[in-house]
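**Student:** Mind having a look at this structure? Questions to follow.
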Amino acid sequence: MMAILYVDVSSGDDYLAQPAIGQYLSTYFITNPKFNDEVIFFYRPKTPIIICGVNQNVYSEVDLAYCKAHGIKIARRGAGGGAVYVDPGNLTYCFVDNDDSHHYLDFKHYAQNAIATLKDLGVDAAMTGRNDLTVDGKKFSGMSALKIGNRFSTGGTLMVDVDLDNASRALRPPKSKMASKGVKSVHSRVTNLRPYFSSHYQNMTLSQLQTKFLLKLFHTTNLNQIPTYVMTDEDWRAIEKAATKKFGDQKWIMGEQTTDMYYHSQHFAGVGTVEISFSVDSGVLTHAKVFGDFNKMNGNLHQIETQLIGTPYNTASLTEAFTQGDVAQNIGNIEPASLAEMLIDQQFADKATIN
Numbered sequence: 001m002m003a004i005l006y007v008d009v010s011s012g013d014d015y016l017a018q019p020a021i022g023q024y025l026s027t028y029f030i031t032n033p034k035f036n037d038e039v040i041f042f043y044r045p046k047t048p049i050i051i052c053g054v055n056q057n058v059y060s061e062v063d064l065a066y067c068k069a070h071g072i073k074i075a076r077r078g079a080g081g082g083a084v085y086v087d088p089g090n091l092t093y094c095f096v097d098n099d100d101s102h103h104y105l106d107f108k109h110y111a112q113n114a115i116a117t118l119k120d121l122g123v124d125a126a127m128t129g130r131n132d133l134t135v136d137g138k139k140f141s142g143m144s145a146l147k148i149g150n151r152f153s154t155g156g157t158l159m160v161d162v163d164l165d166n167a168s169r170a171l172r173p174p175k176s177k178m179a180s181k182g183v184k185s186v187h188s189r190v191t192n193l194r195p196y197f198s199s200h201y202q203n204m205t206l207s208q209l210q211t212k213f214l215l216k217l218f219h220t221t222n223l224n225q226i227p228t229y230v231m232t233d234e235d236w237r238a239i240e241k242a243a244t245k246k247f248g249d250q251k252w253i254m255g256e257q258t259t260d261m262y263y264h265s266q267h268f269a270g271v272g273t274v275e276i277s278f279s280v281d282s283g284v285l286t287h288a289k290v291f292g293d294f295n296k297m298n299g300n301l302h303q304i305e306t307q308l309i310g311t312p313y314n315t316a317s318l319t320e321a322f323t324q325g326d327v328a329q330n331i332g333n334i335e336p337a338s339l340a341e342m343l344i345d346q347q348f349a350d351k352a353t354i355n
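No gaps in the numbering here: position 214 of the sequence shown is 214 in our numbering, and each next residue is one more.
Laid out in structure tokens, this is it:
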């Protein structure tokens with residue numbers, strides 16, 4: 001049976017003040033040859049941060065003016081999934097594992113310890129939808145995945161004392177995504193966990209929650225019995241050097257701000273929200289850019305965009321372009337005709353994203 005190693009990142013508090021370093025941790029544990037087995041680590045941000053998925057449009061997902069005025073930093077992770085707001089009231093857990101063809105994108109498998117731990121604390125937590133953890137119908141965690149070679153990471157958030165007003169005002173997901181959840185705002189959809197803790201645990205700290213999580217995962221009552229790796233100065237220096245090169249690059253974080261004529265989005269069950277910014281001239285697409293919160297982070301979206309440019313703006317031609325763009329391989333299990341219809345049908349226009 002493969003061993004699980006707990007990696008203690010508490011020695012890197014000064015480094016973790018940089019959002020880019022927090023986003024690079026998974027990549028480090030995936031790619032560094034000293035970590036061969038399954039790894040579990042925790043990340044707690046030092047300041048408020050919006051973390052966008054690798055394929056998301058920052059300009060449509062985030063109220064940048066609000067973030068600037070309130071000192072909320074913007075970061076981008078290497079994994080797919082949607083934008084999340086995190087602050088010191090949030091504890092993120094992350095597993096890094098080898099792909100044995102059983103558990104990659106199996107969010108339920110990696111969420112089960114979080115759910116079991118929370119049930120011990122009196123929280124009736126459950127997994128709903130593709131990758132959400134909820135209580136009382138409200139979300140406290142969204143899970144994402146990153147795969148490099150034969151290793152991947154999967155993690156989620158444990159919102160305990162997060163500033164929900166900040167989260168609601170800083171995030172502005174597409175209307176199609178909110179409609180798919182049956183809610184009208186971020187605030188109505190998310191919750192902190194503390195109100196659901198039983199009376200005995202009402203004053204629990206995030207450090208104590210982390211301990212509970214670990215003891216449950218390793219089936220022990222003694223932290224000293226848990227196999228632990230403590231991060232060294234050498235580790236942190238290597239992480240800082242690599243992290244700032246990509247995850248600290250503002251061009252990569254912010255991405256392309258499009259000025260297209262149209263911006264359509266649709267939520268597809270089991271895949272996520274797909275957003276396409278595009279322009280049409282004389283009945284032909286002259287530009288197209290694909291965004292989304294789908295978890296397939298390494299798909300070739302440029303292949304789809306290239307096929308769309310120069311395509312006549314009609315259902316049959318667009319369907320063929322999406323087919324040639326290999327949507328299943330590059331985004332997920334969506335019929336090309338459904339994406340073509342999304343571009344044609346004005347009900348999928350998301351005007352809020354182009355303000």
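Idealized CB from N, CA, C, for every residue including glycine. Model, not experiment: these values are computed from the prediction.
Applying the criterion that 16 or more other CB atoms from any shown protein chain within 10 Å of the CB defines a buried residue, is T154 buried or exposed?
**Tutor:** The count along the sequence shown starts at 1 and reaches residue 154 at position 154. Buried, because 16 or more other Cβ atoms sit within 10 Å of the Cβ of T154.
**Student:** Could you have a look at Y313 and say whether DSSP puts it in helix, strand or coil?
**Tutor:** Locating residue 313 in the sequence shown gives position 313, where the first residue counts as 1. It is coil, neither helix nor strand.
**Student:** Short check: CB of E38 to CB of F107, under 8 Å?
**Tutor:** Within the sequence shown, the letter at position 38 stands for residue 38. Within the sequence shown, the letter at position 107 stands for residue 107. No.
**Student:** Considering only the alpha carbon of each residue, which of M297, M342, G332 and N300 lies closest to T319?
**Tutor:** Working through the sequence shown from its first residue, we reach residue 319 at position 319. Among M297, M342, G332 and N300, the Cα nearest to that of T319 belongs to M342.
**Student:** Which first and last residues belong to the beta strand (DSSP E) in which V284 is found?
**Tutor:** The residue labelled residue 284 in the question sits at position 284 within the sequence shown. Its beta strand (DSSP E) spans residues V284 to G292.
**Student:** Quick check: what's the CA-CA separation for Q346 versus M261?
**Tutor:** The count along the sequence shown starts at 1 and reaches residue 346 at position 346. The count along the sequence shown starts at 1 and reaches residue 261 at position 261. Taking the straight line joining both Cα atoms gives about 13 Å.
**Student:** Would you report the Cα separation of S180 and K73, rounded to the nearest angstrom?
**Tutor:** Walking along the sequence shown from the start, residue 180 turns up at place 180. Walking along the sequence shown from the start, residue 73 turns up at place 73. Interpretation of S180 is limited by its pLDDT of 43, a score under 50 that renders its predicted location unreliable; the figure taken from the coordinates is listed afterwards. So the alpha carbons of these two residues sit roughly 28 Å apart.
**Student:** Ignore the nearest five residues each way along the sequence and tell me which others in A65's own chain have a CB closer than 8 Å to its CB.
**Tutor:** Sequence index remark: in the sequence shown, residue 65 carries index 65 (1-based). Around A65: no qualifying Cβ.
**Student:** Check whether the region 101 to 119 touches the region 210 to 224, taking contact to mean three or more Cβ pairs, one atom from each stretch, closer than 8 Å.
**Tutor:** In short, these stretches touch, since the Cβ pair count reaches three.
**Student:** Among V123, A79 and V135, which residue has its Cα nearest to the Cα of L146?
**Tutor:** One-based indexing of the sequence shown puts residue 146 at position 146. Comparing Cα positions, the closest option is A79.
**Student:** Y104 and I40 - do their beta-carbons sit closer together than 8 Å?
**Tutor:** The sequence position of residue 40 within the sequence shown is 40, counting from 1. The sequence position of residue 104 within the sequence shown is 104, counting from 1. Taking 8 Å as the Cβ cut-off, I40 and Y104 do not qualify as a contacting pair.
**Student:** In whole angstroms, what is the alpha-carbon distance linking C67 and R189?
**Tutor:** For the purposes of this step, residue 67 is taken as the residue at position 67 of the sequence shown. For the purposes of this step, residue 189 is taken as the residue at position 189 of the sequence shown. In a straight line, the C-alpha of C67 is about 20 Å away from that of R189.
**Student:** Does the structure place the region 270 to 280 close enough to the region 235 to 242 that three or more beta carbon pairs sit under 8 Å?
**Tutor:** With the cut-off at 8 Å, the region 235 to 242 and the region 270 to 280 do not touch.
**Student:** DSSP on T31, reduced to helix/strand/coil?
**Tutor:** To locate residue 31, count along the sequence shown from 1; it is residue 31. In the structure shown, T31 sits in a helix (DSSP, three-state: H, G or I).
**Student:** Could you give the distance in angstroms between the alpha-carbon of D13 and the alpha-carbon of G248?
**Tutor:** The residue given as residue 13 occupies position 13 in the sequence shown. The residue given as residue 248 occupies position 248 in the sequence shown. Roughly 17 Å separates the two Cα atoms.
**Student:** Using three-state DSSP, classify F218 as helix, strand or coil.
**Tutor:** Looking up residue 218 in the sequence shown gives position 218. Looking at F218 - three-state DSSP - the assignment turns out to be coil, as it is neither helix nor strand.
**Student:** Give the DSSP-derived three-state secondary structure of F197 in the structure shown.
**Tutor:** As a first step, residue 197 is located in the sequence shown; it is residue number 197 there, counting from the start. Note: F197 maps to coil in three-state DSSP.
**Student:** Restricting to Cα atoms, I'd like to know which of F348, G310, T157 and Q266 is closest to V284.
**Tutor:** For the purposes of this step, residue 284 is taken as the residue at position 284 of the sequence shown. Closest option to V284, Cα to Cα, is G310.
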